[in-house]
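Below is one structure; the comments refer to it alone.
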Amino acid sequence: MHVFANPARFLSIARPLTGWFGWCGAVLIAVGLGAGLFLTPVDYLQGQTVRIMYVHVPAAWLGMAGWSGIAVASLAELVWRHPLAGVAGRAVALPGAVFTAICLASGSIWGRPTWGTWWEWDGRLTSMLVLLFLYIAYIALADAVAERGGQARVAAIFGLVGAVNLPIIHFSVLWWRTLHQGQSIGFTGSTIDPAILWPLPIALAGFTLLFGAIVLMRMRAALARGKVEARLRRLGSAA
Amino acid sequence: MSQWPFVIAAYAVAIAGTLALAIGSFVSMRRAERAAEALKRR
Chain V
133 MHVFANPARF LSIARPLTGW FGWCGAVLIA VGLGAGLFLT PVDYLQGQTV
183 RIMYVHVPAA WLGMAGWSGI AVASLAELVW RHPLAGVAGR AVALPGAVFT
233 AICLASGSIW GRPTWGTWWE WDGRLTSMLV LLFLYIAYIA LADAVAERGG
283 QARVAAIFGL VGAVNLPIIH FSVLWWRTLH QGQSIGFTGS TIDPAILWPL
333 PIALAGFTLL FGAIVLMRMR AALARGKVEA RLRRLGSAA
Chain F
161 MSQWPFVIAA YAVAIAGTLA LAIGSFVSMR RAERAAEALK RR
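Chains as they are written, first to last, in the working numbering: chain V, 133 to 371; chain F, 161 to 202.
Given below as C-alpha cells:
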C-alpha cells in the first residue's frame, strides 16, 4: 500500500484512471438506466415504480461504500500514517454524502406511491438518515481541522467510530421488520425476477466507476491545492 | 394515479445530483491543477 504513498507515483496512476473510470462509468450508467427505463417489464405488484430501483440501489450502495472507504482510509491514517489516507478520506466524504442524499430522496419518492407515505421512521430509513448526518459531521470536522491546523487524527477517529452505523444499516431490515422490504439481493442469489434484475448490475458498475473517478478528481484537486500552499509558503519565506 | 411522474422525479434527482458532483469535482480539479502548474512556472 505504501507504494502509493508517494503523491507523484499516485498521480501518475490516478491521471489516466480518472478518464477511464469517468467515461466507462458514464456509458454503463446510460446503458443501465436506459435499459431499466425502456427495456424491462413492469412489476406485477409495484408497476412502473420498480424502475426507481436502478437509481436507488446504486445510491444506497455508494452511500455505504463511501463510509467504508472513509473507515479504511482512517485506519490507514491512524495505524500506518499513510500520507494519502487523510486526503482519500476527505475526498470520499462529499460524494458519499451526495449519494446517501440521493438514496434517501429516491427512496422517499418510491415510498409515496408504494407505501402511501413519503417518510416513515423505519429502521432502514432512519439509519440511512443517520449516515447522512455522519457524513455532514465528518465534512465539517475535517474542514475545521484543515482550517485551524488541529489534529487530523480527530477526523480519522470519527471516521472509524461512524463505521458502527454500517452493520446497523445492513441488518436493520432483519432486526426491525417494519416498512422497508427485506434483503432481496444476496451473495447466493436474488428474489428479483431476472427479467427485471439484469440492468441493475450494469447501473451499479457504472455508478461505482463514476464514483471512483469523482474521488480521484477530488484527491487530485486536494494534492494540487496542497502543492500551491506549500509553494506560496516557500515563496513567502524566501522573500 | 400515474406512476411515471414518481419515476421521472427519482431519475431527475439522481442524474442532477450525480452530474453536479462530477462537474463540480472536475472544475475544482482543473482549477487547482492549473494554479499549481502556473505557480511551478514562476
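Every residue gets a Cβ at the ideal spot worked out from N, C-alpha and C, and that includes glycine.
(message) Taking 6 Å as the limit between beta carbons, can you name the residues of its chain near His312 (chain V), skipping five residues before and five after?
(response) Once the five neighbours on either side are set aside, the close Cβ partners of His312 (chain V) are Asp254, Arg256 and Val305.
(message) Suppose only complete runs of 4+ residues qualify. What are the alpha helix (DSSP H) ranges in the region 237-270 of chain V, listed by chain order?
(response) Annotation: the region 237-270 of chain V contains no complete segment of the alpha helix (DSSP H) (minimum length 4 residues).
(message) For Val360 (chain V), would you say it is in contact with chain F, using Cβ-to-Cβ distances shorter than 8 Å as the test?
(response) Yes, its Cβ sits closer than 8 Å to a Cβ of chain F.
(request) Mark Tyr270 (chain V) as exposed unless 16 or more other C-beta atoms lie within 10 angstroms of its C-beta, in which case mark it buried. (result) By the neighbour-count rule (16 or more Cβ atoms within 10 Å), Tyr270 (chain V) is buried.
(message) Going by DSSP, what residue range makes up the alpha helix (DSSP H) through Val159 (chain V)?
(response) Element bounds for Val159 (chain V): Pro139 to Phe170.
(message) Can you check which of these residues, V:Phe142, V:Leu169, V:Leu149 and V:Thr150, is closest to Trp164 (chain F) by C-alpha distance?
(response) Across the set V:Phe142, V:Leu169, V:Leu149 and V:Thr150, the C-alpha of V:Leu169 shows the shortest separation from the C-alpha of Trp164 (chain F).
(message) I'd like to check one pair, Ala170 (chain F) with Val360 (chain V): are the Cβ atoms closer than 8 Å?
(response) No, Cβ-Cβ distance for Val360 (chain V) and Ala170 (chain F) is not below 8 Å.
(request) Give the interface partners of Gly179 (chain V) over in chain F, defined as CB-CB distance under 7 Å, in chain order. (result) For Gly179 (chain V), the chain F residues whose C-beta falls within less than 7 Å of its own C-beta are Gln163, listed in chain order.
(message) For Val286 (chain V), report the span of its alpha helix (DSSP H) as first-last.
(response) Start and end: Ala284 to Gly294.
(request) Could you check the C-alpha separation between Ala288 (chain V) and Leu210 (chain V) for me, to the nearest Å? (result) For the pair Ala288 (chain V) and Leu210 (chain V), the Cα-to-Cα distance works out to about 7 Å.
(request) Please confirm if the region 265-280 of chain V is in contact with the region 291-303 of chain V, defined as three or more CB-CB distances below 8 Å between the two stretches. (result) Yes, since at least three Cβ pairs between the region 265-280 of chain V and the region 291-303 of chain V fall closer than 8 Å, the two stretches touch.
(request) Please check if any C-beta of chain F sits within less than 8 Å of the C-beta of Pro245 (chain V). (result) Cβ-Cβ to chain F under 8 Å: yes for Pro245 (chain V).
(request) Pull up the distance between the alpha-carbon of Gly321 (chain V) and that of Arg190 (chain F), whole angstroms please. (result) The straight-line gap separating the alpha-carbon atoms of Gly321 (chain V) and Arg190 (chain F) is approximately 43 Å.
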